[in-house]
Amino acid sequence: MLIGAPKNLLDPRIHHSLALIAFFAWVGLGSDGLSSSSYGPEEAFLQLGAHRHLALYLMMAMVVTIFLISASYSQIIELFPSGGGGYLVASKLLGPYPGILSGSALLVDYILTIAISVASGVDAIYSFLPPEWQPFKLFSELIMVTALTTLNMRGVKESVVVLTPIFLGFMVSHITLVLFGIFTHTSAFPHLLTDTVSDTRGAITDLGWLGVIIVFLKAYSLGGGTFTGIEAVSNSTDILREPRVETGRKTMTYMAISLAFMAGGILLCYLLNDVQHEQGKTLNASLWMALVAHWQPGGLPIGDVIVWFTLITEGALLFVAAQTGFVAGPRTLGAMAADQWVPKRFAHLSERLVTQNGIISMGVAAGLVLIYTGGAVKILVVMYSINVFMTFTLTQLGMMRHWWMTRKVQQHWRRRLTIATTGTLLTAMILVVTSVVKFLQGGWVTLAVTGALLGFCVVVRRHYQGVRQMLSSLDDVLTNLPLPEVTESPELAPDGPTAIVLVESYAGLGIHTLLSIQRLFPRHFKNFVFVSVGLVDSGQFKGVQDLEALENKVRGGLEQYVDLATRLGYYSEYRYTLGTDLIAELEDICLDLIKEFRRPVVFAGQLVFQRENLFTRSLHHETAYSIQRRLQFRGVQVIILPIRVWETKRAA
5 MLIGAPKNLL DPRIHHSLAL IAFFAWVGLG SDGLSSSSYG PEEAFLQLGA
55 HRHLALYLMM AMVVTIFLIS ASYSQIIELF PSGGGGYLVA SKLLGPYPGI
105 LSGSALLVDY ILTIAISVAS GVDAIYSFLP PEWQPFKLFS ELIMVTALTT
155 LNMRGVKESV VVLTPIFLGF MVSHITLVLF GIFTHTSAFP HLLTDTVSDT
205 RGAITDLGWL GVIIVFLKAY SLGGGTFTGI EAVSNSTDIL REPRVETGRK
255 TMTYMAISLA FMAGGILLCY LLNDVQHEQG KTLNASLWMA LVAHWQPGGL
305 PIGDVIVWFT LITEGALLFV AAQTGFVAGP RTLGAMAADQ WVPKRFAHLS
355 ERLVTQNGII SMGVAAGLVL IYTGGAVKIL VVMYSINVFM TFTLTQLGMM
405 RHWWMTRKVQ QHWRRRLTIA TTGTLLTAMI LVVTSVVKFL QGGWVTLAVT
455 GALLGFCVVV RRHYQGVRQM LSSLDDVLTN LPLPEVTESP ELAPDGPTAI
505 VLVESYAGLG IHTLLSIQRL FPRHFKNFVF VSVGLVDSGQ FKGVQDLEAL
555 ENKVRGGLEQ YVDLATRLGY YSEYRYTLGT DLIAELEDIC LDLIKEFRRP
605 VVFAGQLVFQ RENLFTRSLH HETAYSIQRR LQFRGVQVII LPIRVWETKR
655 AA
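Those letters in the sequence shown? Residues 5 to 656, per the working numbering, in order.
Set out below in structure tokens:
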């Protein structure tokens, strides 16, 4: 009742009713990007040290970079209107190995998203709490991660309805204070420009041109956390209202303008108000307090209330941004599982154990990161930026390659290639500078973890490829069996036992299962029903035409199974559905068939290896046993038939 009836995926209206217009997409997807203005500009400004007037150049560079990256990702929206996350774009445009590098970086990035968002959110809240409470900050961060993990295990997800008041509260409070901070210092603008030029000359005299450039590039690169979250729109265009490209571009424009204003405005306010770092407070908190904390009309602490409200909305938006890790992490993992880079069980997000283990893993990993860093945002932002810009660079490098390869058929390819090339150079520079400058302050950890995850993915992929090669001979033999022609189709035996056979595509595994049933239960089963699910991943929800193509593919494979069973002398039918949940859909179809046919038994195939170990069990033993576990407790008999995988060729 609370979540409504299931949706028909082939109903064209679903793509309209579930989609978001640009404004609400900005609300729903903008929290990750806008929340970065809470820590990105601060880290950049603090890196300038005594050369604070370089902040004016830094502000302009940040604004230009935001619009440049946004323009590049708008091109991705155009090329991938059904959703183009870093893993998908790199895989499609650069190849599988750059793709899995991007995917590995993304998974670590989502863990760090949770950690840095929670740490920064708690920092914002603690900025107006008594200094005596500071020792409890790390404990509070771990409590918040635990709370978010628990909520996600219970299936709580943020919606636009929940996000809107938090988002609007953040926007109204921050825009008002930024404008107030700028317009109350308009008289300082002439002096600001002259002081900036004077201080720049002084810095060149003291440090030399190279020294000034190094200081600026260090601040610019370490403020790279400001740009994180821009990719959220291109990752989620599948939820946008048609026409998706137009809606996506509008949403990206809203994101770019709001983030550029927020980050640039905050940096300018730091400079105009000469904000200094205070122990136990974020730089934003010090800024807001300097602007309005002294407001006490009639003795009422109006200024303090405004500061508290601003920091609370800031913290709330950061906690919402932490949800990105819990939601997008499993989604990316599922896409990687579909491509056989990680165990296939990660694609079974409906399985409660799989889902809970994924959420717990994300939460525990984020907690360990917080413990390792002590919840220090200045360390977390380094680790976070490295992984984000690794994905940024690979994604835009893929776009560079695409525009160059299609230059003969694309209009305006030079402009598009220029945008992609400039974006690639900028993000690559930020990645390299951050990795080198902060290698010993957390950089090596995130690079090592990402590399280890990449190595694991390669091992898993090679295992699946090896198994596929072992099974190729089975496909060659069984898909070309000599069978008699059908003279008369068998009729349904209403009272006869029925075998319900779970299959995927028409291949050796499914045929082996059918022949095993025939061999083990000769002439026992009178009816066969073949069951399959066309899996629609949430990241591949492309529209009615793509779903119809998937439906035709599934139906075609099942018709081949029916033809095979008919030639073997059995009455046979097929059932299928399209859905986002393999295990749940199989369960529903089987339960319906139990009511339709008498004396049914469900059969599923399961690979059995000649030398089995923990590794092979973790990669293969999931689907058949999951459906058996579910149906067994519904009173349905399920028999799992082994399919032997010989690691060496058998002697003739």
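The beta-carbon is built from N, C-alpha and C at its ideal position, and this holds for glycine as well. Model, not experiment: these values are computed from the prediction.
- Between the alpha carbons of S493 and V507 lies a gap of roughly 22 Å.
- Counting along the chain, G538 sits inside the beta strand (DSSP E) bounded by residues 531-539.
- Counting along the chain, the unbroken alpha helix (DSSP H) around A332 starts and ends at 306-342.
- It is roughly 8 Å from the alpha-carbon of V381 to the alpha-carbon of Y43.
- If you look at T230, you'll find it isn't in any beta strand (DSSP E); DSSP assigns it neither H nor E.
- Taking every protein chain shown into account, the CB of V386 has 16 or more other CB atoms within 10 angstroms, so this residue is buried.
- In the DSSP assignment, E46 falls within the alpha helix (DSSP H) that extends over 44-51.
- The C-alpha of T230 is placed about 11 Å away from the C-alpha of Y388.
- Spanning the alpha carbons of H195 and G269 requires a straight line of approximately 18 Å.
- Under the three-state reduction of DSSP, Q300 is assigned to coil, being neither helix nor strand.
- Taking the Cα of A369 as reference, the smallest distance to any Cα among Q400, R335, T336, F330 is reached at F330.
- The continuous alpha helix (DSSP H) containing P102 extends over residues 100-130.
- When secondary structure is reduced to three states using DSSP, E136 falls in the helix class.
- For A59, the enclosing alpha helix (DSSP H) has its first and last residue at 59-83.
- A straight-line Cα-Cα distance of about 8 Å links Y224 and M66.
- Here S121 really is in contact with F323; their C-beta atoms are around 7 Å apart, less than 8 Å.
- Take the alpha-carbon of I647 and the one of G514: they are about 10 Å apart.
- Judged by DSSP in its simplified three-state form, V505 adopts strand.
- Sequence-distant partners of A497 (beyond 5 residues in either direction) whose C-beta falls short of 8 Å from its own C-beta, in its chain, are K530, N531, Y575.
- Around V31, the same chain offers V164, L167, T168, F171 as residues with beta carbons nearer than 6 Å, after the five sequence neighbours per side are excluded.
- With contacts defined as CB atoms closer than 9 Å, V296 and F132 fail to qualify as a contacting pair.
- The beta carbon of E282 sits closer than 7 Å to the beta carbons of S290 from its chain, once the five residues preceding and following it are set aside; these are given in chain order.
- In the structure shown, the three-state DSSP call for S493 is coil.
- Per the Cβ contact rule, the stretch 211-227 is not in contact with the stretch 246-255 (fewer than 3 Cβ pairs under 8 Å).
- Rounded to the nearest angstrom, the gap between the Cα atoms of R158 and T117 is 21 Å.
- Look at the stretch 407-481 and you find these whole runs of alpha helix (DSSP H), each 4 residues long or longer: 417-441.
- The C-beta of V533 has 16 or more other C-beta atoms within 10 Å across all chains shown, which makes the residue buried.
- DSSP places A380 in no beta strand (DSSP E); its state is neither H nor E.
- A straight line joining the alpha-carbon of W408 with that of A75 spans about 17 Å.
- Cα atoms of Q79 and T425: separation of roughly 12 Å, rounded to the nearest angstrom.
- Burial state of G227 is buried, judged by a 10 Å Cβ sphere holding 16 or more other Cβ atoms.
- In the DSSP annotation of this structure, the continuous segment of the beta strand (DSSP E) that includes F607 starts and ends at 604-613.
- Between the alpha carbons of R559 and Y91 lies a gap of roughly 30 Å.
- Distances from the CA of F525 to each of L275, A119, F607 were compared; the closest alpha carbon is that of F607.
- If you draw a straight line from the Cα of L276 to the Cα of H189, it comes to about 7 Å.
- Pairing V537 with L595 gives a Cβ-Cβ distance that is not under 9 Å.
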